[in-house]
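First comes the structure, then the notes that go with it.
2 protein chains.
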Amino acid sequence: MSAFKGSYAYSVDNKGRVNIPAKLRKNVAREANDTFVVTRGYEECLFVYPQDEWNKLEESIRQLSPTNSRHRFFMRALLERATESQLDAQARISIPKELLQFAHIENEVLIIGVLEHIEIWNPKLYDQYLKAQAESYETVAQTVLQK
Amino acid sequence: MSAFKGSYAYSVDNKGRVNIPAKLRKNVAREANDTFVVTRGYEECLFVYPQDEWNKLEESIRQLSPTNSRHRFFMRALLERATESQLDAQARISIPKELLQFAHIENEVLIIGVLEHIEIWNPKLYDQYLKAQAESYETVAQTVLQK
DNA sequence: AGGTATCGTGGGTAAAAGTGGGTAATTGTT
DNA sequence: AACAATTACCCACTTTTACCCACGATACCT
Numbered sequence: 004m005s006a007f008k009g010s011y012a013y014s015v016d017n018k019g020r021v022n023i024p025a026k027l028r029k030n031v032a033r034e035a036n037d038t039f040v041v042t043r044g045y046e047e048c049l050f051v052y053p054q055d056e057w058n059k060l061e062e063s064i065r066q067l068s069p070t071n072s073r074h075r076f077f078m079r080a081l082l083e084r085a086t087e088s089q090l091d092a093q094a095r096i097s098i099p100k101e102l103l104q105f106a107h108i109e110n111e112v113l114i115i116g117v118l119e120h121i122e123i124w125n126p127k128l129y130d131q132y133l134k135a136q137a138e139s140y141e142t143v144a145q146t147v148l149q150k
Numbered sequence: 004m005s006a007f008k009g010s011y012a013y014s015v016d017n018k019g020r021v022n023i024p025a026k027l028r029k030n031v032a033r034e035a036n037d038t039f040v041v042t043r044g045y046e047e048c049l050f051v052y053p054q055d056e057w058n059k060l061e062e063s064i065r066q067l068s069p070t071n072s073r074h075r076f077f078m079r080a081l082l083e084r085a086t087e088s089q090l091d092a093q094a095r096i097s098i099p100k101e102l103l104q105f106a107h108i109e110n111e112v113l114i115i116g117v118l119e120h121i122e123i124w125n126p127k128l129y130d131q132y133l134k135a136q137a138e139s140y141e142t143v144a145q146t147v148l149q150k
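These protein sequences, in sequence, are chains A and B.
Count the first sequence with the working numbering and you get residues 4 to 150, in order.
Count the second sequence with the working numbering and you get residues 4 to 150, in order.
And the structure:
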């Protein structure tokens, strides 16, 4: 079970390659085989799953019913953008243009570890996201955490 | 068990040939024998099954009752257009005109991997399909995924 | 503090993938 | 049997991707 944490300011080169920070790599299971799946996230960012974590997600998608139109929509939207990528010798994954466009990413990214997955943001959009929250961290904490 | 994912903008030549993206091919079982079955999908797109996955589907259709009129309709609609096609040396399948017309496909297609099958769309129709959804991806995710 | 290993970034090149077209074989039709 | 139409197979070109090498910066260790 992965436990990613921390945020990292990294760059994207003109081939669409993004380095996976060393501190995050140390938390990737051996079973992931240096392979990651990138797809759209919630809000305008990208989610990166190590292969072992992706497999869990895939399993839960398989339980959905292809004859249910809402399920179909969800499966299509999620899988449409999903791309597998293996680390190169420099520990980078390459992200297709379409995904970079989806997340409005150009040259710089903010990489955030969120337990079982990794998020990739346009740094400016992440700032806006934080500012757009109506409630403060403290208020949300009160309702989200029981304790 | 196939696990297709990702979307790919490809072209159809004037012979009705469509390339199966390399990343999808890597997920096709050896038992499929480079053979695919194309038929109508849900919404106005085409479904492509590798032979091994098609066989599973066919098996479940056999369980239907030919004396039930709704079952009969379903079987006819599905099988009527089903066409077998084997990859050529360039990894393309050829799709009959009738099926291309059914899906309103002309020169360009969007190919989407959806776990056990592959979908082929007119890119514009797929856009419309996405926009026509009443709920956002985030909202659907919340109710569709338990977690 | 200095040497060493690791890390992040950039670019070049060979192999693979995608696209288009030509010709021979096959099919069906008159 | 001859012809037209379709299909299958082969070849050629362009673009993209994967793999390799190189360099500067940072962290680490003794």
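Idealized CB from N, CA, C, for every residue including glycine.
Treat the numbers as computed from the prediction; the structure is a model and nothing was measured.
Closer than 9 Å, Cβ to Cβ, to anything on chain A: give me those residues from the region 123 to 139 of chain B, in chain order. Those would be Y129, Y132, L133, Q136, E138, in chain order.
What do you get for E87 of chain B, buried or exposed, if any count of 16 or more other CB atoms within 10 angstroms of its CB means buried? Within the second sequence, residue 87 of chain B is the residue found at index 84, counting from 1. With fewer than 16 Cβ atoms within 10 Å of its Cβ, E87 of chain B is classed as exposed.
Could you compute how far the alpha carbon of G116 of chain B sits from the alpha carbon of T42 of chain A? Here residue 116 of chain B refers to the residue found at position 113 of the second sequence. Here residue 42 of chain A refers to the residue found at position 39 of the first sequence. One C-alpha to the other measures close to 13 Å.
Of all the CB atoms in chain B, is at least one closer than 8 Å to the CB of E119 of chain A? To locate residue 119 of chain A, count along the first sequence from 1; it is residue 116. For E119 of chain A, the answer is no, since every Cβ of chain B falls outside 8 Å of its Cβ.
Got a sec? Which residues, its chain only, sit under 6 Å from I23 of chain A by beta carbon, not counting five neighbours each side? For the purposes of this step, residue 23 of chain A is identified with residue 20 of the first sequence, where counting begins at 1. Close CB contacts of I23 of chain A within its chain, under the 6 Å cut and outside five residues either way in sequence, are with A94 (chain order).
Bounding residues of the alpha helix (DSSP H) (the contiguous stretch that carries T42 of chain A): The residue labelled residue 42 of chain A in the question sits at position 39 within the first sequence. Element bounds for T42 of chain A: not the alpha helix (DSSP H) but the beta strand (DSSP E), 38 to 43.
C-beta contact flag for A6 of chain A and L118 of chain A at 8 Å: Against the first sequence, residue 6 of chain A aligns to sequence position 3. Against the first sequence, residue 118 of chain A aligns to sequence position 115. Yes; because the gap between Cβ atoms is below 8 Å, this pair is in contact.
What does G9 of chain B pair with, by DSSP beta-bridge criteria? As a working mapping, residue 9 of chain B is identified with position 6 in the second sequence. Bridge pairing for G9 of chain B: absent [DSSP].
Is it right to say F76 of chain B is buried, meaning 16 or more other beta carbons lie within 10 angstroms of its own, or is it exposed? Residue numbering aside, residue 76 of chain B sits at position 73 when the second sequence is read from its first letter. It counts as exposed.
Between the region 4 to 20 of chain B and chain A, which residues of the former have CB atoms less than 7 Å from a CB of the latter, in chain order? Cβ proximity to chain A below 7 Å picks out A6, K8, G9, S10 from the region 4 to 20 of chain B.
Three-way DSSP call (helix, strand, coil) for R102 of chain B in this model: If you number the second sequence from 1, residue 102 of chain B lands on position 99. Before going further, note that residue 102 of chain B is Leu rather than Arg in the sequence given. Three-state result, L102 of chain B: helix.
Is there at least one Cβ from chain B nearer than 8 Å to L67 of chain A's Cβ? Here residue 67 of chain A is taken as the residue at index 64 of the first sequence, counted from 1. For L67 of chain A, a Cβ of chain B is located within less than 8 Å of the residue's own Cβ.
Quick check on Q136 of chain A: does DSSP put it in helix, strand or coil? Here residue 136 of chain A is taken as the residue at index 133 of the first sequence, counted from 1. Under the three-state reduction of DSSP, Q136 of chain A is assigned to coil, being neither helix nor strand.
Could you tell me which of A:A135, A:Y132, A:L113 sits nearest to G9 of chain A, measuring between CA atoms? Looking up residue 9 of chain A in the first sequence gives position 6. When the alpha-carbon of G9 of chain A is set against those of A:A135, A:Y132, A:L113, the nearest one is in A:L113.
Excluding sequence positions up to five away, which residues of its chain have a Cβ less than 6 Å from the Cβ of W124 of chain B? Locating residue 124 of chain B in the second sequence gives position 121, counting from the first residue. Answer for W124 of chain B: C48, L113, listed in chain order.
Straight-line gap, I96 of chain A to E46 of chain A (C-alpha atoms, nearest Å): Taking the first sequence and counting its residues from 1, the one referred to as residue 96 of chain A is at position 93. Taking the first sequence and counting its residues from 1, the one referred to as residue 46 of chain A is at position 43. Their Cα atoms are separated by approximately 22 Å.
C-beta atoms of R73 of chain A and V147 of chain B nearer than 8 Å: In the first sequence, residue 73 of chain A corresponds to position 70, counting from 1. In the second sequence, residue 147 of chain B corresponds to position 144, counting from 1. Against a cut-off of 8 Å, the Cβ pair of V147 of chain B and R73 of chain A comes out as a contact.
Among A:P126, A:E138, A:L133, which has the Cα closest to the Cα of S14 of chain A? Residue numbering aside, residue 14 of chain A sits at position 11 when the first sequence is read from its first letter. Closest option to S14 of chain A, judged by alpha-carbon separation, among A:P126, A:E138, A:L133: A:P126.
So R20 of chain B is in the beta strand (DSSP E); what residue range does that whole segment cover? Here residue 20 of chain B corresponds to residue number 17 of the second sequence, with the count starting at 1. Unbroken beta strand (DSSP E) run through R20 of chain B: 20 to 22.
Sheet register partners of H120 of chain B (DSSP bridge): On the second sequence, residue 120 of chain B is found 117 positions in, with the first residue counted as 1. Under DSSP, H120 of chain B forms a beta bridge with B:V117.
Hey, is Y52 of chain A's beta-carbon within less than 8 Å of any beta-carbon in chain B? Along the first sequence, one-based indexing puts residue 52 of chain A at 49. With 8 Å as the cut-off, Y52 of chain A does not count as an interface residue toward chain B.
At a Cβ threshold of 8 Å, is F39 of chain A touching chain B? Counting from one through the first sequence, the residue named residue 39 of chain A turns up at place 36. No, its Cβ sits nowhere closer than 8 Å to a Cβ of chain B.
Run through DSSP, which three-state label would P69 of chain B get? In the second sequence, residue 69 of chain B corresponds to position 66, counting from 1. In this structure, P69 of chain B counts as coil in the three-state DSSP scheme.
Give a yes or no on whether the C-beta atoms belonging to A80 of chain B and P53 of chain B are separated by under 8 Å. Sequence index remark: in the second sequence, residue 80 of chain B carries index 77 (1-based). Sequence index remark: in the second sequence, residue 53 of chain B carries index 50 (1-based). Contact flag unset, no.
Roughly how far, in whole angstroms, is the beta-carbon of V51 of chain A from the beta-carbon of I121 of chain A, given that I think they are within contact range, below 8 Å? Along the first sequence, read from residue 1 onward, the residue named residue 51 of chain A stands at position 48. Along the first sequence, read from residue 1 onward, the residue named residue 121 of chain A stands at position 118. At roughly 4 Å, the Cβ-Cβ gap stays under 8 Å, so V51 of chain A and I121 of chain A are in contact.
Straight-line gap, T38 of chain B to I98 of chain B (C-alpha atoms, nearest Å): For this step, residue 38 of chain B is matched to residue 35 along the second sequence. For this step, residue 98 of chain B is matched to residue 95 along the second sequence. The straight-line gap from Cα to Cα measures roughly 13 Å.
Between B:K29, B:L103, B:L67, which lies nearest to V21 of chain B when the distance is taken from Cα to Cα? The count along the second sequence starts at 1 and reaches residue 21 of chain B at position 18. Checked all of B:K29, B:L103, B:L67; the closest Cα to V21 of chain B is B:L103.
What does A25 of chain B touch in chain A if you count any residue whose Cβ is under 8 Å from its own? The sequence position of residue 25 of chain B within the second sequence is 22, counting from 1. Residues of chain A passing the Cβ test: none, with the nearest at roughly 12 Å.
Residues, ordered as in the chain, of the region 76 to 102 of chain A that lie near chain B by beta-carbon distance below 9 Å: Those residues of the region 76 to 102 of chain A that come within reach of chain B (Cβ to Cβ, closer than 9 Å) are F76, F77, M78, R79, A80, L81, L82, E83, R84, A85, T86, E87, P99, E101.
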